[in-house]
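Be aware that the sequence shown starts at 2, since it is given in the working numbering, and climbs by one per residue. We put the beta carbon where it would ideally sit given N, CA and C, even for glycine. Just so you know, these numbers come straight off a predicted model, no measurement behind them.
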Amino acid sequence: MHIGRRHFILNCMIRSASLLLLVTTVAAPCAMAQKQPQPQPVPLPLPIIAPADKPYVGPITLSVDLSNNVDRVERVHEEIPVEPGAKEMILLYPQWIPGEHAPTGPISTLAGIVTTVDGQRVQWKRDPVSVFAFHVALPAGARTVGVDFDHLSAIKPSAGRIEISDAIADLEWNEVVMYPAGYFSRDLPVDASLKLPSGWKYATALETSSHDGDTIKFERTPLNTLVDSPLYAGTHYERLDLSPSPTDIVHLNIFADSEADLKMTPEEMEEHKNLVSEADKLYGSHHYKHYDFLLLLSNKVGGVGLEHHQSSEDGQPTNYLTDWQNGALRRDLLGHEYTHSWDGKFRRPADLWTPNFNVPMRDELLWVYEGMTQYWGNILTARAGMRTPEQTRDILARTAAGFADSDGRKWRPLVDTTNEETISNRRPVSWVSYQRPEDYYTEGMLIWLDADTKIRELTNDQKSLDDFCKKFLGVYNGSFITDQYTLSDVVRDLNEVAPYDWNTFFQTRVYDLHPEVPMNGFTQGGYKLVYSDKPAEWMIKEMEKAGYGDFSTSLGFSVGSPRGSEGGKNVVTNVWWDSVAFKAGITPNMELVSVNGQAYTSKLLTDAVLDAEKTKKPIKLQLLSDKTYTTLELPYYEGMRYPSLERVTGTPDRLDEILQPSKSPLPSM
């Protein structure tokens, strides 16, 4: 009994110790733990000083060396005066670029940034929030900040648009300048100079002060004007006079890959001169000392269409002039960018104008800025004879037909597409018809056609959108100062031309969800949208020449040329959401290999679509994606459905009248 009791007591002690250890092990952390605080934000640093409209202490000296076109390096040196008593200078690299409507400043291309104060190196510090801002500490009595950096222009397309080749350079000043924070850009005077490769010629809206070999010095100009005045340079150059009058000086400056690409026939010359004359008649004013089209004809340097107040950057293929008869599809570019001198540069939405290039823009009225410009770019092109009326009607029909098959209209109002530049920086999207990224351009064009024909209807064809443009865009003739406007200003001027409920007109078409395609411009203009198996021959020829197959209104996809492909050839560039192709499983970037067992060509697929309309047999397509071949059947039997505009008998032919050359005389300015 004694031994058993000892074992019992010992076992109890062991169990008690174990229980105590267990309790201690479990309870100890609770007893020792402290309540962990929730994370809190670190306070943001002080914001970058806001710009103020006040004079700067002195001119900024900017020197750009563009002579190294082999490595495509633009070397920059600046001397920036210091305000007396300043303890710091904040340098800004332009972020929000006019004409691009977005924070697209290529900050990632900068390298070799070195700052000095009165010749002594002082290390800059990048702002922790705004990576476009650089802080430079200033000792007492500092007088000048020096800045050196290299802009590394793209060498391969995947790194960005090619801006420099062995024969051409496109210099955009916003890429090669920094400026002090705290000032309006118009209050910062700049003395700029540029060194070019030996023997190169140049063109710009800037005024030249002097030459020293291959170095050009320009007259002192405000920073906002400098950034708005790009420069083209190169070895193959032609300058043509398009001036409609001695007081309206306009030049076409052509830079090309070769001398042969510069050749322009007298007929082509006349049509380009007509474009300027038609714009003069339309607006009845101009807002530049002289205007310079900077036309790039190149397959090496990337094409661009970018507006400026006294010039424009216009990129076209090398055969723009040499194959004039087969290039009508892209011919509205000059008219579009020229129109921006009035619509967008001189007159600009109030909240799209900013005091410097690092204040965010607001894009809500881009359907006026770009949409109306898209309209007039096409109309002026037709009035100048650069396109026939039939070609212009075909383009309008194709635009409307594309929207008719756009599912994006069911969820996204047009006004929201004006945010696309800020949202995506114009990066390509996968499903264009569903995401509708920049519809404010071309749908805006249809809305302004609607407005034009409505004015004509309301006034018994006595007035038109031409009258509105003279009132809205033609004010302050000769002024270079940007004139801001709001939607109420647009509505007011429209009502003075033709009283109507224009507020509701724009509310329903722009701001409300509007799944229906705005085709009133066709019906009020005397036409209707129709589809047929018969193509517009001129458009088919241009697309075939470019290696482009458009089956958007039938099968619901388009096929790109090898040059525009992403590694393969005959690449599916776009698929319309919920189309026949979409439902079959075709996606963008697939390579279209064969049609019914034969190697793909645009003509072969067209013939297959027409044959299926008769036989009611599905079309078999073989596609390649990620090294995998897939065969799909498309049960489509409705033919090619080429869109066109058909004249409605017994109705006013307003659209025909719109496309005719203006009967107005040239204004005396």
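**Study point:** Reduced DSSP secondary structure (H/G/I, E/B, other) of Q375
**Key:** Looking at Q375 - three-state DSSP - the assignment turns out to be helix.
Review point. Whole alpha helix (DSSP H) runs in the segment 237-303 with 4 or more residues, listed along the chain?
Key: The qualifying runs are 267-284.
Exercise for review: Tell me whether the beta-carbon of R221 lies closer than 8 Å to the beta-carbon of V191.
Suggested key: It is a contact, given that the beta carbons lie within the stated cut-off.
Check your understanding: Can you tell me where the alpha helix (DSSP H) with I659 in it begins and where it stops?
Key -> For I659, the enclosing alpha helix (DSSP H) stretches over residues 655-659.
Practice item. Kindly indicate which three-state DSSP category F469 falls into: helix, strand or coil? Key: Under the three-state reduction of DSSP, F469 is assigned to helix.
Exercise for review: Give the DSSP bridge partners of M90, in chain order.
Suggested key: Bridge partners of M90: V137.
Check your understanding: Is it right to say F358 is buried, meaning 16 or more other beta carbons lie within 10 angstroms of its own, or is it exposed?
Key -> It counts as buried.
Point to revise | C-alpha gap between E592 and E260, whole angstroms | key: Approximately 37 Å between the Cα atoms of the pair.
Practice item. Quick one: residues in its chain with C-beta nearer than 8 Å to the C-beta of P46, no 5 flanking neighbours on either side, listed in chain order? Key: Beyond the five residues adjoining it in sequence on each side, P46 comes within less than 8 Å, by CB distance, of D128, P129, V130 in the same chain, given in chain order.
Review point. Where does Y501 fall in DSSP's three states?
Key: Reduced to three states, the DSSP call for Y501 is coil.
Check your understanding: On the three-state DSSP scale, how would you describe L530?
Key -> Residue state, collapsed to three classes: strand.
Practice item. Count the other CB atoms, across all protein chains shown, that sit within 10 Å of the CB of F481; report buried if there are 16 or more and exposed otherwise. Key: Taking every protein chain shown into account, the CB of F481 has fewer than 16 other CB atoms within 10 angstroms, so this residue is exposed.
Point to revise | Proximal residues to F583 (C-beta, below 7 Å), its chain only, five neighbours per side dropped | key: For F583, same chain residues with a beta-carbon under 7 Å away, outside a window of 5 residues either side, are G557, V576, W577 in chain order.
Exercise for review: Could you please give the first and the last residue of the uninterrupted beta strand (DSSP E) stretch that includes D119?
Suggested key: Counting along the chain, D119 falls outside any beta strand (DSSP E), and DSSP gives it neither H nor E.
**Study point:** S645 (DSSP reduced to helix, strand or coil)
**Key:** Note: S645 maps to strand in three-state DSSP.
Check your understanding: Which stretch, first to last residue, makes up the alpha helix (DSSP H) that contains A398?
Key -> Counting along the chain, the alpha helix (DSSP H) containing A398 begins and ends at 390-405.
Practice item. Leaving out five residues on either side along the sequence, give the residues of the same chain with a beta carbon under 6 Å from the beta carbon of G378. Key: If the five residues before and after G378 are omitted, its C-beta is found closer than 6 Å to the C-beta atoms of D333, G336, H337, T340, all from its own chain and listed in chain order.
Check your understanding: Three or more beta-carbon pairs under 8 Å between the segment 71-83 and the segment 201-209, yes or no?
Key -> Because the criterion of three Cβ pairs below 8 Å is not met, the segment 71-83 and the segment 201-209 do not touch.
Check your understanding: Around the C-beta of A28, are 16 or more other C-beta atoms found within 10 angstroms, so that it is buried, or is it exposed?
Key -> With a pLDDT of 46 at A28, under the threshold of 50, the predicted position of this residue should be treated as unreliable, and no value is reported.
Review point. Who are the near neighbours of R648 in its chain, counting only those whose CB is closer than 7 Å to its CB and skipping five residues on each side?
Key: Once the five neighbours on either side are set aside, the close Cβ partners of R648 are G527, Y528.
**Study point:** Short Cβ contact (8 Å threshold) for L153 with E279
**Key:** No.
Exercise for review: Determine the DSSP secondary structure at V130, reduced to helix, strand or coil.
Suggested key: For V130, the secondary structure class from DSSP, reduced to helix, strand or coil, is coil.
Check your understanding: From I108 to A143, what does the alpha carbon distance come to, in whole angstroms?
Key -> Approximately 27 Å, taken between the alpha carbons.
Point to revise | Buried or exposed (CB count within 10 angstroms, at least 16 for buried), W412 | key: Around the beta carbon of W412, a 10 Å sphere encloses fewer than 16 other beta carbons of the protein chains shown; the residue is thus reported as exposed.
Exercise for review: Using the Cα positions of T509 and T631, report the straight-line distance between them to the nearest angstrom.
Suggested key: Approximately 44 Å, taken between the alpha carbons.
Point to revise | Proximity to G306 [Cα-Cα], best of K218, D171, A182, H212 | key: Per the C-alpha coordinates, the member of K218, D171, A182, H212 positioned closest to G306 is D171.
Exercise for review: Starting from S210, follow the beta strand (DSSP E) in both directions and report where the run begins and ends.
Suggested key: Looking at the DSSP string, the run of the beta strand (DSSP E) that includes S210 is 209-213.
Review point. How long is the line joining the alpha carbons of P619 and T607, rounded to whole angstroms?
Key: Whole-angstrom Cα-Cα distance: 14 Å.
Review point. Going straight from the alpha carbon of E173 to that of P231, what length do you get?
Key: If you draw a straight line from the Cα of E173 to the Cα of P231, it is about 5 Å long.
Exercise for review: Sort G598, A112, L139 by Cα distance to Q121 and report the nearest one.
Suggested key: Comparing Cα-Cα distances from Q121 to each of G598, A112, L139, the minimum goes to L139.
Point to revise | Cα-Cα separation between R427 and L611, rounded to whole angstroms | key: Straight-line spacing of the CA atoms in R427 and L611 works out to 36 Å.
Practice item. In angstroms with no decimal places, state the Cα-to-Cα distance between R655 and Y532. Key: Rounded to the nearest whole angstrom, the C-alpha separation of R655 and Y532 is 21 Å.
Check your understanding: In three-state terms, what does DSSP make of R493?
Key -> Helix, per DSSP.
Point to revise | Where D281 falls, given that 16 or more other Cβ within 10 Å makes a residue buried | key: With 16 or more neighbouring CB atoms inside 10 Å of its own CB, D281 falls in the buried class.
Point to revise | Cα-Cα separation, H78 to M179 | key: Here the alpha carbon of H78 sits roughly 10 Å from the alpha carbon of M179.
Point to revise | Proximity winner among L224, Q623, N590, P361, relative to P56 (alpha-carbon distances) | key: Among L224, Q623, N590, P361, the Cα nearest to that of P56 is on L224.
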